[in-house]
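S.K.: Start counting the sequence shown at 1; every next residue gets the next number (the UniProt record's numbering). Have a look at this one.
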Amino acid sequence: MKGLSRIKSAVALLAIGYCSFLVYQGGVSSNLILQVSRPAAVQFDEDANLVERTESVVTKNASGKESVDKSVNSESEQNKNITLDDIFIGVKTTRYNQKSRLPVILKTWFQLAKNQTWFFTDIDNPLHQYQTNGHMVDTKCSPLHERQHLCCKTAVEYDHFINSGKKWFCHFDDDNYVNVPRLVEELRKYDPMRPWYLGRTSVFNPMLYPENETESGEVFWFATFGAGMCMSRSLALQILPVTGGGRFISICNKLRYPDDVTMGYIVGRYGKVGLTVVPQFHSHYEELRFLPADSLREQLSLSYELHDRKGRNVLDVPGFNTVYDPTRFMSLHCFLFPNEKFCPR
């Protein structure tokens, strides 16, 4: 057993060394550049995760190195008191997707977090306002899926969280399924009075800071919004001077990068913390069919892509047929919560 333990330790050290090599390879650019573009699909297996958080919390810090904090993984008495009401869930959508994507969300996981979930869109839709009990926010931003317009919505979303007084800010996209009970359970592992930036990256290499801002070669990681991201109130207040009141848009336009990358930049540059990788966040960048069905109860967020060039990228979960449930979200919801009224008996 001791020999096996030594082998596992050696493998872990080699893995960390390899990640460090990835961080520091390549030259320094005078502009903020993305070393590797997002993969179209990442096959889900244990090796697909950049960092696997098990008994400790592993953080990608501002220098790109991994640091391990073993003191935060157990629930403190204060963290145990975290409830769903302490969480602000923001979902970004658009007039082009509301009719196709929102109905399945409203029928499934939204029912578990009606009072805590807000949808940020670009049109006033009376039907959806009624269905969400007034939780549709017309951001007045453009409906186009372009950098400046995505940043506009994220800025409004961030400001709404600040005004809410909640302890946690969690962002998701309108193609995400949120496992609400698991989200609460996961956030109880972290103290909201400390700066936490939780999520999962979809790139293999980190981002370089602009050369004139930090030491040559310094990098940061960002949480992909398509998989979900959670931020403690402590961190949100720490970056408020440069993010609140629409200032997020100015930084986004200056960097000329998407909203999730910009948020990662702000968190690293001004919040001085790194990304804590939580592998249970999932986006459509992964090949979701490889996610084992017996692990679904442990996941925090899931996704789908119906128009992937390789075909539909959806969960392999038993339930309704694909004509009635193309996203597999209804089948997933019944798999997790079989007593729901619409679930087959």
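Even for Gly, the Cβ is constructed at its ideal location relative to N, Cα and C.
Quick one: what does DSSP say Trp-109 is sitting in, helix, strand or coil?
M.R.: Reduced to three states, the DSSP call for Trp-109 is helix.
S.K.: Bridge partners of Met-136, per DSSP?
M.R.: Phe-119.
S.K.: For the alpha helix (DSSP H) that Phe-88 lies in, which residues bound it at each end?
M.R.: Taken as a continuous stretch (DSSP letters only), Phe-88 belongs to no alpha helix (DSSP H), being part of the beta strand (DSSP E) at 87-92.
S.K.: Mind checking which residues open and close the beta strand (DSSP E) that includes Leu-275?
M.R.: It spans 275-277 - the beta strand (DSSP E) in which Leu-275 sits, taken as one unbroken run.
S.K.: Quick check on His-171: does DSSP put it in helix, strand or coil?
M.R.: DSSP places His-171 in strand when its eight states are reduced to three.
S.K.: If the criterion is Cβ atoms closer than 8 Å, does the pair residue 356 and Phe-169 meet it?
M.R.: The requested residue 356 does not occur in the structure, where the chain is confined to residues 1 to 345.
S.K.: Rounding to the nearest angstrom, what Cα-Cα distance links Tyr-257 and Cys-152 in this structure?
M.R.: Rounded to the nearest angstrom, the two C-alpha atoms are 13 Å apart.
S.K.: For Lys-80 versus Arg-188, is the C-beta spacing smaller than 8 Å?
M.R.: For Lys-80 and Arg-188, yes; Cβs fall inside 8 Å.
S.K.: Which stretch, first to last residue, makes up the beta strand (DSSP E) that contains Leu-288?
M.R.: Element bounds for Leu-288: n/a, residue is neither H nor E.
S.K.: Going by C-alpha to C-alpha distance, which of Ser-234, Leu-183, His-145, Trp-118 sits closest to Glu-157?
M.R.: Residue Trp-118 is the option with its Cα nearest to Glu-157.
S.K.: Looking at C-alpha atoms only, which residue of Arg-247, Tyr-177, Val-219 is the closest neighbour of Ser-283?
M.R.: Comparing Cα-Cα distances from Ser-283 to each of Arg-247, Tyr-177, Val-219, the minimum goes to Tyr-177.
S.K.: Anyone know if the C-beta pair for Gln-131 and Leu-106 falls short of 8 Å?
M.R.: The answer is yes: Cβ separation under 8 Å.
S.K.: How is Met-263 classed by DSSP in three states: helix, strand or coil?
M.R.: It is helical.
S.K.: Which residues in the same chain as Gln-116 place their Cβ atom closer than 6 Å to its Cβ, once the five residues preceding and following it in sequence are excluded?
M.R.: So the list reads Leu-84, Ile-87, Ile-89, once near-sequence residues are dropped.
S.K.: What does the alpha-carbon distance come out to for the pair Cys-230 and Met-193?
M.R.: Cα to Cα, Cys-230 sits roughly 14 Å from Met-193.
S.K.: Pull the bridge partners of Glu-305 from the DSSP assignment, please.
M.R.: According to DSSP, which records beta bridges pairwise, Glu-305 is partnered with Asn-313.
S.K.: Beta-carbon separation of Asn-313 and Tyr-324 under 8 Å?
M.R.: Result no, Cβ atoms of Asn-313 and Tyr-324 do not sit closer than 8 Å.
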